[in-house]
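Working notes, beginning with the structure itself.
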Amino acid sequence: MAKLILSLDGTVMKEVPLDRERLTVGRRSSNDLQIDNLAVSGEHALIVTILNDSFLEDLGSTNGTLVNGVPIKKHILQHNDVIEIGKYKLKYIAEHIATGMQPAVAAEFEKTMVIRPGMAARAAQTGASPAFGAGPAATATTTQPGSAGQAASPITGQQSRPASAPPAAPPPPAARPTTQPLASATQSYAGPAPTQTNLQPQAPAAGQLLGAIQILTGPSAGKELELVKNLTTLGKPGVQVAVITRRPQGYFITHVEGANFPIVNGKTLDAQAHPLRDHDIVELAGVKMEFFHKGA
Amino acid sequence: MAILSAALEFASATDPGRVRSHNEDSIGTEPEVGLAVLADGMGGYNAGEVASGIAVAVVSAEIKRALSGRTLHSIDPATGRTEAECIALKHSAKANTSIFEAARSQPQYSGMGTTLVVALFFDNRVCVAHVGDSRLYRLRADAFEQITRDHSLLQEQIDSGMITREAAKLSQNKNLVTRALGIDAEVETEVHVYETKPGDTYLLCSDGLSDMVGDDDMKITLASLQANLQLAAEQLVQQANDNGGRDNISVILVRVKDDYAAPKGWIARLISWFK
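Residue numbers (our numbering), protein chains in the order written: chain A, 1 to 296; chain B, 1 to 275.
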């Protein structure tokens with residue numbers, strides 16, 4: 001379970017588990033996390049937690065909410081984010097990341113799973129899903145515009161209920177299926193998500209040398225082309241084309257189209273990708289060019 | 001149908017990726033009838049493979065069989081949908097039942113399910129049916145667009161405005177789908193028909209590609225390697241692996257080379273008039 005660590009001037013005051021779907025922060029005692037300080041608004045901020053994601057929202061506070069020094073209105077919290085409210089700091093710890101799961105286990109949890117209505121009760125029992133409790137929480141979320149329950153509610157209406165549940169699945173709750181906000185996984189989803197969170201394409205390694213091509217013969221002789229993109233095609237479409245790919249391991253050349261294959265250092269390539277080394281001479285559609293690494 | 005198979009070019013690639021030990025994705029192409037099917041299975045042990053395997057086998061075989069003697073562009077008077085849509089809906093429901101029954105009768109398969117994306121090309125159009133977070137993209141001239149909308153928790157959060165498209169890339173809830181084949185006795189398959197144009201390239205993929213390779217890189221790859229579709233498919237898989245390959249990666253590419261309008265002679269008109 002993710003948590004917040006509240007501190008003031010570097011002194012840790014409190015740990016706040018994100019064990020509920022909505023956690024309010026403010027000066028008034030009605031808040032889940034009360035910070036009794038005049039710089040903090042009565043209702044200052046809200047943290048909505050859905051499975052492994054926590055969303056921070058500033059509730060129109062007088063002095064604002066900062067994340068890592070930047071004022072925010074809405075923000076999806078990332079491990080080690082520091083929320084500033086007045087002089088107070090709240091550090092967000094995504095527990096599964098902090099405890100460092102085994103990669104194999106992490107991969108297991110990352111597998112695609114189905115969520116659907118009727119699973120919420122079980123999730124609440126096992127504590128697998130902190131966000132979607134059954135019962136009162138369900139009622140609350142359906143009345144809160146823009147809340148998680150709202151976001152998820154379309155599922156309930158669309159999915160046809162099973163005539164009879166599969167053997168391993170728990171029986172669907174009989175009571176008020178239409179107010180069930182969301183669901184958890186059909187697989188036993190007992191743990192948090194993976195250690196690595198960034199699934200975004202990575203740019204080629206920072207240390208990787210930039211490659212370039214210089215044309216040696218033909219009308220464009222002397223012209224230089226930096227290979228910045230992941231993929232650069234060379235040649236004459238319809239006659240002969242090759243592609244140079246930029247990969248973490250370096251640059252590779254592959255034949256794309258045409259009867260003739262590219263020639264590297266006098267040797268004709270086959271259909272396989274061929275790694276390019278500094279000062280390799282490539283011949284393509286009758287034009288010679290040199291591959292080289294730019295600057296060091 | 002001869003016209004169709006000459007007008008379309010197919011290529012595909014599938015790979016377990018760099019983390020998973022086995023491939024739970026399944027793909028199938030039937031170029032002679034203009035059909036591409038891709039499924040991303042889920043469930044313990046090998047149940048995911050079983051589910052996606054059933055989905056692809058049932059949908060490909062049944063649709064192929066249903067096509068003989070049918071005019072896909074004729075409109076079903078009861079639903080107002082094209083015949084292609086009706087066939088796609090009917091046979092994805094059939095696949096759903098097969099998986100659901102297998103999961104019920106065999107304990108080791110219990111809880112298995114699969115996503116599905118189907119592209120059925122006919123009469124200068126494509127019928128797209130999907131369930132879950134496997135996607136169809138289209139490259140038309142300079143525009144690369146995602147055609148399907150995921151049935152996933154994340155997509156619902158984006159739709160409701162609680163999370164932006166940018167923030168969604170950071171979400172930990174990427175892997176939660178809200179619809180899948182084989183989970184319930186019935187499934188709601190989303191189906192649409194789009195016009196195609198010569199020069200279009202269609203990309204069907206599992207989330208192992210779309211989570212690992214950005215739209216821009218997919219676009220550049222498709223645009224620059226159009227002349228060698230198989231290489232383009234392999235390059236996409238390689239890029240996903242270079243970026244970590246954290247899930248199974250499957251890609252089907254379909255390039256529209258030419259017109260493939262259905263013959264609309266007087267016989268065809270007469271037949272469709274009687275239907």
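Built from N, CA and C at the ideal position, the CB exists for glycine as well.
Taking CB distances under 7 angstroms as the criterion, tell me whether residue i reaches chain B.
i	result
E257 of chain A	yes
T24 of chain A	no
P166 of chain A	Here the model assigns P166 of chain A a pLDDT of 41, short of 50, so the residue's position is not dependable, and the following value carries that caveat. Yes, contact with chain B.
D53 of chain A	yes
T143 of chain A	Its pLDDT being 34, under 50, T143 of chain A is placed unreliably by the model, and the measurement read from it follows with that caveat. Not one chain B Cβ lies under 7 angstroms of T143 of chain A.
I115 of chain A	yes
T112 of chain A	yes
A131 of chain A	In this prediction, A131 of chain A has a pLDDT of 36, which is less than 50 and means its spatial position is unreliable; what the coordinates show is noted afterwards. By this cut-off, A131 of chain A is not an interface position.
D270 of chain A	no
Taking the continuous alpha helix (DSSP H) assigned at residue i, which residues delimit it?
i	result
R165 of chain B	165 to 168
M218 of chain B	215 to 224
R104 of chain B	83 to 105
L204 of chain B	Segment 201 to 205 is the beta strand (DSSP E) holding L204 of chain B; no alpha helix (DSSP H) there.
V56 of chain B	47 to 67
L225 of chain A	Per DSSP, L225 of chain A belongs to no alpha helix (DSSP H); it is in the beta strand (DSSP E), 224 to 226.
V237 of chain B	229 to 242
Can you give the beta carbon distance from residue i to residue j, rounded, assuming they're within the 8 angstroms contact cut?
i	j	result
A88 of chain B	A129 of chain B	4 angstroms
A212 of chain A	L227 of chain A	6 angstroms
S152 of chain B	C205 of chain B	Not really, about 14 angstroms apart at Cβ, beyond 8 angstroms.
N173 of chain B	I50 of chain A	7 angstroms
L8 of chain A	K87 of chain A	6 angstroms
T115 of chain B	V131 of chain B	6 angstroms
Could you check whether the Cβ of residue i sits closer than 7 angstroms to any Cβ belonging to chain A?
i	result
I27 of chain B	no
A13 of chain B	no
D242 of chain B	yes
A95 of chain B	no
Q146 of chain B	no
S171 of chain B	yes
N175 of chain B	yes
T285 of chain B	This structure cannot speak to residue 285 of chain B, because chain B is shown only from 1 to 275.
I249 of chain B	no
A167 of chain B	yes
I183 of chain B	yes
Return the bridge partner residues of residue i from the DSSP annotation.
i	result
T29 of chain B	B:A36
R140 of chain B	B:A143
S54 of chain A	A:T49
Q240 of chain A	A:K236
Q34 of chain A	A:G26
T79 of chain B	DSSP output for T79 of chain B lists no bridge partner at all.
T112 of chain A	Answer by DSSP bridge pairing: none, since T112 of chain A is not bridged.
G113 of chain B	B:M42
S7 of chain A	A:V12, A:K89
E283 of chain A	A:I263, A:K288
P17 of chain A	A:K3
P71 of chain A	A:L66
G245 of chain B	Per DSSP, none; premise fails for G245 of chain B.
S250 of chain B	B:T14
H274 of chain A	A:I253
Need the endpoints of the beta strand (DSSP E) that residue i sits in, please.
i	result
Q214 of chain A	211 to 215
A11 of chain B	8 to 15
A119 of chain B	116 to 122
D280 of chain B	It is not possible to answer for residue 280 of chain B, since the shown part of chain B is limited to 1 through 275.
A129 of chain B	125 to 131
L181 of chain B	Run containing L181 of chain B: none; DSSP gives neither H nor E here.
Y194 of chain B	190 to 195
T71 of chain B	First-last for T71 of chain B: undefined, no H or E at that position.
H255 of chain A	250 to 257
Just to make sure I have the definition right: I need the residues of chain E whose C-beta is within less than 8 angstroms of the C-beta of residue i. Which are they?
i	result
I50 of chain A	Any reference to chain E falls outside this structure, whose protein chains are A and B.
Does the beta carbon of residue i fall short of 6 angstroms from some heavy atom of the ligand GTP?
i	result
L181 of chain B	This structure simply doesn't include the ligand GTP, nor any ligand for that matter.
Which residues of the stretch 229 to 257 of chain A have a Cβ closer than 9 angstroms to any Cβ of chain B? Give them in chain order. K229, N230, L231, T232, T233, P237, G238, V241, V243, T245, R247, P248, Q249, T254, H255, V256, E257
Using a Cβ-Cβ cut-off of less than 7 angstroms, list which residues of the stretch 100 to 130 of chain B approach chain A; keep chain order. A103, R104, P107, S110, G111, G113
Using a Cβ-Cβ cutoff of 9 angstroms, what residues of the stretch 31 to 62 of chain B are near chain A? List them in chain order. D40, G41, M42, G43, G44, G48
Compile a chain-ordered list of the residues in the stretch 200 to 230 of chain B whose CB is closer than 8 angstroms to at least one CB of chain A. D207, D211, M212, V213, G214, D217, I220, T221, S224, L225, A227, N228
Residues within the stretch 56 to 90 of chain A neighbouring chain B, beta-carbon criterion of under 7 angstroms: I76, Q78
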